[in-house]
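Asks: Counting from 1347, one number per residue, gives the positions in the sequence shown under the working numbering.
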Amino acid sequence: MLLQLNQLVVPVGHQLLIKNISWSAYKNILAELGENRNSRISYSQGILEIMAPLPEHEVAKVIIGDLVKALLEELDIEFWSLGSTTFDQEKMDAGVEPDDCFYIQNEAAVRGKDRIDLTIDPPPDLAIEIDITSRTRFNNYEVLGVPELWRWQGNRLEINVMINGKYVASTASAVFPNLPIAQVIPEYLMRSKVEGRNATMKAFRAWVREQI
């Protein structure tokens, strides 16, 4: 008897790798798992990765995403937040679901769209990943052409900017070039654990206004 995908159990905080998965099988698995699930999927050149995030992973994802939204609002920059939308492209043989992502420079190109098709639409301008442990996911963002990737690693924010098709670690964000993002995002994330989410967001917005 063949093992069905819905019989697999991935413990929270762990990942499952399955080899020799075709593109069509990957798309069928996405459809079988559906959108209302706790696990996240990554696919690259025949390797499928299924991840089950820890609760602290979700907390960091939400707070960092909220900080980015507040920053964009205070700077009066239009954006489109697509959360953990699946981004993939068959000709690149890659797919990934970020913890959060934003269209900023290319917001107008996808405004109001229900579906993103990377064969005709640009990738997100900024993707955020919490505690990346897999090079598969990291490489996928390069392959799909996401210009900037933030990696939260527990107490440090790593900023990766695309240069000539490869990520280069940077002390500055290309999206927010005049702000010390690598310092302030960790500071306010940690503050939220002590002062609470709302108090932290108010303080962060006040800080942004001081900068502009």
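A virtual CB, placed ideally from N, CA and C, is assigned to each residue, including glycine.
If Ser1388 and Gly1441 are in contact, beta carbons under 8 angstroms, what's the gap, nearest whole angstrom?
Replies: With a Cβ gap of about 7 angstroms, Ser1388 and Gly1441 count as contacting.
Asks: Can you give the Cα-Cα distance for Asp1422 and Ile1558, rounded to whole angstroms?
Replies: Going by the C-alpha atoms only, they are around 11 angstroms apart.
Asks: Could you tell me the distance, in whole angstroms, from the CA atom of Gly1429 to the CA atom of Val1414?
Replies: If you take the alpha carbons of Gly1429 and Val1414, they lie about 12 angstroms apart.
Asks: Return the Cβ separation of Asp1446 and Ile1474 in integer angstroms, given the expectation that the two are a contact with Cβ distance under 8 angstroms.
Replies: With a Cβ gap of about 4 angstroms, Asp1446 and Ile1474 count as contacting.
Asks: In angstroms, rounded to a whole number, what distance separates the CA positions of Ile1410 and Ile1527?
Replies: Looking at the two C-alpha atoms, the distance is approximately 11 angstroms.
Asks: Take every Cβ of the region 1448 to 1463, pair it with every Cβ of the region 1505 to 1514, and state whether three or more of those distances are shorter than 8 angstroms.
Replies: Taking 8 angstroms as the limit for Cβ pairs, the verdict is that the region 1505 to 1514 does not touch the region 1448 to 1463.
Asks: Contact defined as beta carbons within less than 8 angstroms: I believe Ala1377 pairs with Ser1385. What is the distance between those atoms, to the nearest angstrom?
Replies: Contact doesn't hold; Cβ gap of about 14 angstroms is too wide.
Asks: Starting from Gln1361, follow the beta strand (DSSP E) in both directions and report where the run begins and ends.
Replies: Run containing Gln1361: 1361 to 1364, per the beta strand (DSSP E) assignment.
Asks: Determine, using beta carbons only, whether Ser1390 and Asn1485 come nearer to each other than 8 angstroms.
Replies: Cβ distance < 8 angstroms, so Ser1390 and Asn1485 count as in contact.
Asks: Which runs of the beta strand (DSSP E) at least 3 residues long sit entirely within the region 1450 to 1490? Give them in chain order.
Replies: The region 1450 to 1490 contains these whole beta strand (DSSP E) runs: 1472 to 1476.
Asks: Please report the distance separating the alpha-carbon of Ala1520 from that of Asn1506.
Replies: If I take the Cα positions, the gap works out to 9 angstroms.
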